[in-house]
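Numbering (full-length UniProt numbering), first residue to last: 1 to 299.
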Amino acid sequence: MLSRLRSAAPHVSSAFSYQTNRVFKNTPTETTYYCFLSANAFSSKVATASADSSPSNTQISDKPEVKVNLNAMFWSKPCSLALAKDSPLRIEDPDFSRIKRFIFKLLLFYSKQSKSIRGANVVYSRILSQVDKPPIYDVFNLEKTFKTTFSLLVLHMWLVLRRLKEEGKEGTEFGQYLYEIYNHDLELRVAKAGVNLLLTKWMKDLEKIFYGNIVAYDAATTQEAKHEDLANVLWRNIFSEDGSDSMRDAASTSVQAMARYTRRELTCLSMTEKEAMYSGNFLFTPLTSPTQYTGKKVR
């Protein structure tokens, strides 16, 4: 499957996300209602970044544009990733007047399901904002290909889904909305890239990779796991060109830095309030701070 990903990269270099068996599992009326909410009432407030991925057979970039001291990064004390109450990056439900609010209430705009769908859309935009922009590729010395973008998306989906599981049944239900948005996005992007005849098989293969990665990340972060297990999994899933277990010396520093980043984000998300997780009012640790390029230990 990995070789197929590499050989097909020119056709799907702009695609990344997930398969969906359905946009919404209920009735056609509810599906239409979902589209109405996300497209008209809310999605205009959510901007998701997307950048074209350029095909390449090499996962480790030789470009020296960004100079970072990876050995000094991601050692600082974890903290909540929630946005401040006065942050301009927060996404809030529109403050309608009484009449409009009453009408939207009749339309179930404020129902638990609708609020979860809106929140999941914002959460997904936060994931894409971290995965789709250049800093994460520059910092970890990765070439932006379909495989790396897809693998980074899976990693960040796992980070969020694992945090949501801490909220029990409610978090699991919210995670299902997030997963369906993720799946639907990938299907649209892969189809748009021209993979139509084998779309169903592609989606099944990508789904298997997703669940395989999730299991591997879970196993690598248990108390029983060895410290190097997470780095080895990240190497196979993201950095390795062929899925081999032998880590290249040239990539070792980047892989170890990503392992520290992953562990830190896990802890930070665990410290992030439930309200921030459900509303999407949080940001992953920024990778663009100037101090991160000077060798100082940063957040």
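Built from N, CA and C at the ideal position, the CB exists for glycine as well. None of these values were measured; they are calculated from a predicted model.
Is residue i helix, strand or coil by DSSP?
| i | result |
| --- | --- |
| F140 | coil |
| A82 | strand |
| K77 | coil |
| F96 | coil |
| N71 | helix |
| residue 310 | Absent from the structure is residue 310, since the part of the chain shown begins at 1 and ends at 299. |
| P134 | helix |
| L107 | coil |
| T288 | coil |
Count the other CB atoms, across all protein chains shown, that sit within 10 Å of the CB of residue i; report buried if there are 16 or more and exposed otherwise.
| i | result |
| --- | --- |
| Y211 | exposed |
| T145 | buried |
| A220 | buried |
| H184 | buried |
| Y182 | buried |
| C268 | buried |
| A225 | exposed |
| I103 | exposed |
| E275 | exposed |
| E273 | exposed |
| V122 | buried |
| H156 | buried |
| T288 | exposed |
| I117 | buried |
| E166 | exposed |
| M203 | buried |
In terms of residues, what are the limits of the alpha helix (DSSP H) holding residue i?
| i | result |
| --- | --- |
| R118 | K112 to V131 |
Nearest by alpha-carbon distance to residue i: which of the options is it?
| i | options | result |
| --- | --- | --- |
| N71 | L269, L287, T267 and S254 | S254 |
| F74 | S151, S87 and V139 | V139 |
| Q88 | W235, F282 and F150 | Note that residue 88 is Pro in the sequence shown here, rather than Gln. For P88, the nearest C-alpha among the options comes from F282. |
| F150 | R162, L198, I127 and A84 | I127 |
| S279 | Y124, K77, F96 and V68 | Y124 |
| Q113 | G168, L178 and L198 | L178 |
| E92 | K115, H227, K204 and R98 | K115 |
| N69 | A216, N141, A82 and P94 | N141 |
| Q176 | L153, L164 and E187 | L164 |
In chain order, which alpha helix (DSSP H) runs of at least 4 residues are fully inside the UniProt domain "Ubiquinol-cytochrome c chaperone" (140-284)?
Counting whole runs of 4 or more residues, the UniProt domain "Ubiquinol-cytochrome c chaperone" (140-284) contains the alpha helix (DSSP H) stretches 146-165, 169-192, 199-220, 229-234, 249-270 and 274-279.
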